[in-house]
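Take 0 as the starting number for the sequence shown in numbering that gives the first Met the number 0 and just add one per residue.
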Amino acid sequence: MSEILTTNEAFKVVFYPANVIDYFRMASLYISIMFNGLGFVCIYSLSVLLDYFDGMVARSTEKTSELGKILDMITDRISTVVILVKAIALDNSLLFNGLTYIVFDLFGHLFYFIGCLLNKSHHKQPNNAILPYTINNMYFTLYV
């Protein structure tokens, strides 16, 4: 388990640069749902762009944390829900498939993240068998 932090240390972790980027990601996702068309695409794309940088910032500043891992995963899940709900709003025939994807995405990541916590491993470790083909692959990440 992680060590218990003092209030001052916890405050610092909350404001690690990568965590602040995730807060901006969350804010941009919230703001994006208020728009349609190009406005939505631009603001949602800002969140995606920020996602590309948060991990790099965390590693380059050597300020990684459990909070950061959780923020990143939750914000990614919110991002998926936002884009799918917007798609469903445009085409109701996507409702069943979209909701099914959301449920599997949320539960799949929940169980995977719990497994990583129990094994005391990071969910993006290089020895993960599927990562070279997914999130560690720039072309796959940009395509998704």
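C-beta atoms are modelled at their ideal positions from N, C-alpha and C, and glycine is treated no differently.
Selected residue, minimal CA-CA separation from residue i, among the options
i      : options                      : result
Gly19  : Thr6, Val40, Ser64           : The amino acid at residue 19 is misidentified as Gly; the sequence shows Val. The residue with the shortest Cα to Cα distance from Val19 is Ser64.
Thr79  : Phe14, His108, Pro16         : His108
Cys115 : Met25, Met72, Phe23          : Met72
Phe14  : Ala57, Ile30, Ser44          : Ala57
Tyr43  : Ser59, Tyr111, Asp75, Val12  : Asp75
Asp53  : Asn118, Phe23, Ser31         : Phe23
Ile30  : Ser59, Asn96, Val81          : Val81
Ile36  : Lys62, Lys11, Ala88          : Note on residue identity: the sequence assigns Gly, not Ile, to residue 36. Out of Lys62, Lys11, Ala88, Ala88 has the C-alpha closest to the C-alpha of Gly36.
Ala86  : Ile113, Phe112, Phe39, Ser59 : Phe39
Ser27  : Met55, Leu45, Asn118         : Leu45
Glu61  : Cys41, Val12, Asn91          : Val12
Supposed contact pair residue j and residue i - C-beta distance, whole angstroms, cut 8 Å
i     : j     : result
Leu94 : Asp21 : That belief does not hold up - the Cβ atoms of Leu94 and Asp21 are roughly 29 Å apart, past 8 Å.
Ala17 : Gly67 : 5 Å
Met33 : Ile77 : With 8 Å as the limit, Met33 and Ile77 do not qualify as a contact, their Cβ atoms being about 15 Å apart.
Check: residue i C-beta below 8 Å from any heavy atom of the ligand COA
i     : result
Ile69 : Looking for the ligand COA in the displayed structure turns up nothing, as the structure carries no ligands at all.
Chain B contact for residue i (CB, 9 Å cutoff)
i      : result
Gly107 : Of the protein chains in the structure, only one exists, and it is not chain B.
> In chain order, which alpha helix (DSSP H) runs of at least 4 residues are fully inside the segment 30-74?
Replying inline: 36-60
> Are the segment 29-49 and the segment 99-114 in contact at 8 Å, needing three or more beta carbon pairs?
Replying inline: no
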